[in-house]
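For the numbering used here, add 107 to where a residue sits in the sequence shown, where the first one is 1.
Note that CB positions come from ideal geometry on N, CA and C, so glycine has one too.
Please read these numbers as outputs of a predicted model, since none were measured by experiment.
Below: one structure, written as structure tokens.
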Amino acid sequence: MKRIVALVIPLLVLINVALAQKSNILKSDVKFQLKNLGVNTGGTFKTLQATINFDADKPETGTIEATLDVNSVNTDNDLRDNHLRSDEFFDATKYPSIVMKSISIKHKGGDKYVGQFNLTIKNQTKQFEMPFTYDTDATSATFKGGLKLNRLDFGVGGKSLVMSNEVSVSIEVQVAK
């Protein structure tokens with residue numbers, strides 16, 4: 108009997124891990140902004156999937172993996188959206204996803220945390236640090252963070268005299284508990 112229990116418990120753990128579902132995202136807001144001709148311009152990505160395993164009491168054991176659908180880019184201008192999906196920018200046909208995976212997460216005090224992440228855009232992966240907050244209520248948890256990146260590091264668009272290389276990204280994700 109002990110032998111069966113010793114086999115069943117690890118099997119149940121493995122099944123639980125194998126069947127891990129994407130986090131139930133209640134709301135997501137991923138915005139980007141850069142200067143073009145000296146004017147702030149930007150947009151959003153409408154489709155985000157994430158697997159978030161996070162315990163505020165043990166953030167170092169947590170993992171976050173998020174995937175954006177490049178085809179969901181929205182700047183409220185169909186012509187610009189199609190241009191961003193083209194091979195000159197995101198090349199959505201060849202690289203349909205942007206992926207962010209945590210490497211480590213640390214608590215900085217209160218509701219403040221900082222994560223080290225790998226960000227992959229167009230098959231180019233760069234490591235970056237992103238501070239974020241984590242707030243909860245009875246039914247949900249909300250993660251809010253932001254970062255700045257150089258679009259040229261990922262081969263997004265070419266060199267330009269009128270378009271900034273620096274892109275600001277803000278992320279807010281609310282998940283069910």
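Among the options, the one whose alpha carbon lies nearest that of residue i
i           : options               : result
residue 252 : 131, 241 and 134      : 241
residue 353 : 213, 179 and 262      : Given that the chain is displayed from residue 108 to residue 284, the structure contains no residue 353 and the question cannot be resolved.
residue 243 : 259, 266 and 217      : 217
residue 202 : 263, 136 and 187      : 263
residue 256 : 189, 231 and 155      : 231
residue 141 : 275, 283, 284 and 282 : 275
residue 254 : 177, 159 and 233      : 233
residue 219 : 249, 260, 199 and 200 : 249
residue 188 : 155, 259, 148 and 235 : 148
Check whether residue i and residue j have beta carbons under 9 Å apart
i           : j           : result
residue 210 : residue 174 : no
residue 271 : residue 143 : yes
residue 134 : residue 279 : yes
residue 157 : residue 130 : yes
residue 159 : residue 222 : no
residue 195 : residue 145 : no
residue 277 : residue 177 : no
Paired residues, beta bridge with residue i - DSSP
i           : result
residue 191 : Its beta-bridge partners do not exist; DSSP assigns none.
residue 217 : According to DSSP, which records beta bridges pairwise, residue 217 is partnered with nothing at all.
residue 255 : 275
residue 150 : 139
residue 160 : 170
residue 204 : 176
residue 132 : 282
residue 247 : 283
residue 212 : 222
residue 242 : 249
Alpha-carbon spacing of residue i relative to residue j, whole angstroms
i           : j           : result
residue 208 : residue 228 : 12 Å
residue 167 : residue 213 : 6 Å
residue 237 : residue 245 : 26 Å
residue 284 : residue 273 : 35 Å
residue 215 : residue 161 : 15 Å
residue 239 : residue 163 : 12 Å
residue 198 : residue 169 : 32 Å
residue 200 : residue 165 : 39 Å
residue 185 : residue 191 : 10 Å
residue 132 : residue 155 : 8 Å
residue 281 : residue 225 : 21 Å
residue 139 : residue 261 : 15 Å
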